[in-house]
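The structure appears right after this line, and notes come after that.
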Amino acid sequence: MANPVPMVEIWRGPFLESVHHGHAVVCDEMGQIVDAWGDPEAVVLPRSSSKMLQALPLIESGAAANAGLTDEQLALACASHQGAEIHSVRVKAWLKDLGKSDDDFCCGPQEPRDIEARDDLIRADKPVCRYHNNCSGKHSGFLTLTKYFRAGPDYVALDHPVQKAVKAAFEEVTQEDTPGYGIDGCSAPNFASTMHGMARAMAFFASASLDGDARQSAAAQLRNAMATYPELVAGEGRACTDLMRAMNHKVAVKTGAEGYFIAIIPEKKMGVALKIADGTTRGAECAVTSILIRLGVLDAAHPVAQKYVNAPICNWDGLVTGQMKPAKGLC
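Counting in full-length UniProt numbering, the sequence shown tops out at residue 331, every number present.
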């Protein structure tokens, strides 16, 4: 991941204290680069920013229609949720509809990020379960596809029909042969692509039509589900949810671990892929918000925009000690 450029600056008083470097690409509906920072050919694991790509076979295969999945469930299939009740209730109901249990998930148990849900578990002395895992919606989609394929239970194995379908969709939409994969936090393979490839894929999602072919229709359904139900994609107080609401549900955005972020902008038929090289969430949130403002789809005066761009940094006594802002060339 050579030659990242400065994207976000952290100031303390008059001193530049830290700089987050990274790469970002904006593509149009033809997959052409319209703006870029750093190296568009940098090869990166997109992590959870690729969940809508991993969910394409769920719809294209007919499995989603066969199972009668709702838009809420499609949003969950693309989610990195925080294990709040609104997430857990829906995932458990999905499992029940499939005739499956928590043990059928290949993702590990994860303590909810949602404070209320976590504290409820502690007070009730209940165990942390796999359905609390932030990727349990994606895995519910994998289980749905596994059942439809009548395949074996190890649906995260690279040679499993589910992962073969995911890889094929990933390569076809990014228009690249993936150079490899890493195992994600939820145990599923995560395929690598260039920054350009991911931005090109997001532009495909942005320009996809419900009336198009099977792949276009699947992409449009997933994009619309994410934008319609941002609280299911992430959760209260999370950047993905806040930003989608701030843009009036017209843009879909999705974070990924280690400083990745994507945006799908239907009204402009544009896609964005962003990677902060040091893997920090704060850098990715500031940078993607800055790009959304730059593209004219987020009002810089909106409180959510101001939460992530040019945001004051305060100490424990509430004193403003500095500021986080986009680097020159990004704003």
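We put the CB at the ideal spot given by N, CA and C, even for glycine.
Extent of the continuous beta strand (DSSP E) to which residue i belongs
i, result
"residue 20", "15-27"
"residue 417", "No information on residue 417 is available, as it lies outside the stretch 1 to 331 that the chain covers here."
"residue 35", "33-37"
"residue 325", "320-326"
"residue 67", "No beta strand (DSSP E) holds residue 67; the alpha helix (DSSP H) holding it covers 63-67."
"residue 311", "311-314"
Residue i Cβ short of 8 angstroms to the ligand SAH heavy atom set
i, result
"residue 55", "Summarising the ligand content, the structure contains no ligands, and the ligand SAH is consequently not present."
Under 9 angstroms between C-beta atoms of residue i and residue j
i, j, result
"residue 76", "residue 91", "yes"
"residue 185", "residue 87", "no"
"residue 200", "residue 78", "no"
"residue 327", "residue 6", "yes"
"residue 263", "residue 271", "yes"
"residue 194", "residue 288", "no"
"residue 37", "residue 23", "yes"
"residue 144", "residue 58", "yes"
"residue 293", "residue 305", "yes"
"residue 308", "residue 331", "no"
"residue 192", "residue 156", "no"
"residue 84", "residue 111", "no"
"residue 18", "residue 9", "yes"
"residue 63", "residue 74", "no"
"residue 333", "residue 210", "The chain is shown from 1 up to 331; residue 333 falls before or after that span and cannot be answered."
"residue 66", "residue 148", "yes"
"residue 206", "residue 269", "yes"
"residue 169", "residue 60", "yes"
"residue 295", "residue 246", "no"
"residue 31", "residue 175", "yes"
"residue 284", "residue 25", "no"
"residue 51", "residue 135", "yes"
8 angstroms contact criterion, which residue i and residue j should meet: CB distance rounded
i, j, result
"residue 218", "residue 244", "The pair is not a contact, with the Cβ atoms about 20 angstroms apart (cut-off 8 angstroms)."
"residue 137", "residue 196", "Rounded, the Cβ-Cβ distance is 28 angstroms, inconsistent with contact."
"residue 182", "residue 53", "Going by Cβ atoms, the distance from residue 182 to residue 53 rounds to 15 angstroms, so no, they are not a contact pair."
"residue 256", "residue 49", "3 angstroms"
"residue 233", "residue 250", "No, residue 233 and residue 250 are not in contact; Cβ-Cβ is about 15 angstroms, not under 8 angstroms."
"residue 342", "residue 259", "An answer regarding residue 342 cannot be provided, because it is not within the stretch 1 to 331 covered by the chain."
"residue 55", "residue 141", "5 angstroms"
"residue 208", "residue 220", "4 angstroms"
"residue 133", "residue 108", "6 angstroms"
"residue 40", "residue 21", "The pair is not a contact, with the Cβ atoms about 15 angstroms apart (cut-off 8 angstroms)."
"residue 104", "residue 153", "7 angstroms"
"residue 71", "residue 225", "4 angstroms"
"residue 130", "residue 97", "Contact doesn't hold; Cβ gap of about 17 angstroms is too wide."
Boundaries (first-last residue) of the alpha helix (DSSP H) holding residue i
i, result
"residue 270", "Premise fails: residue 270 lies in the beta strand (DSSP E), 270-276, not in any alpha helix (DSSP H)."
"residue 60", "56-60"
"residue 281", "281-294"
"residue 111", "Taken as a continuous stretch (DSSP letters only), residue 111 belongs to no alpha helix (DSSP H), as it is neither H nor E."
"residue 91", "85-98"
"residue 9", "Looking at the DSSP string, residue 9 is not in any alpha helix (DSSP H); the run it does join, the beta strand (DSSP E), is 5-12."
"residue 304", "303-308"
"residue 72", "71-77"
(request) Within the region 124-188, note down every full alpha helix (DSSP H) run reaching 4 residues or more, in order along the chain. (result) 136-149 and 161-174
(message) I'd like the ranges of any beta strand (DSSP E) spanning at least 3 consecutive residues and lying wholly in the region 186-268.
(response) 189-191, 252-256 and 260-265
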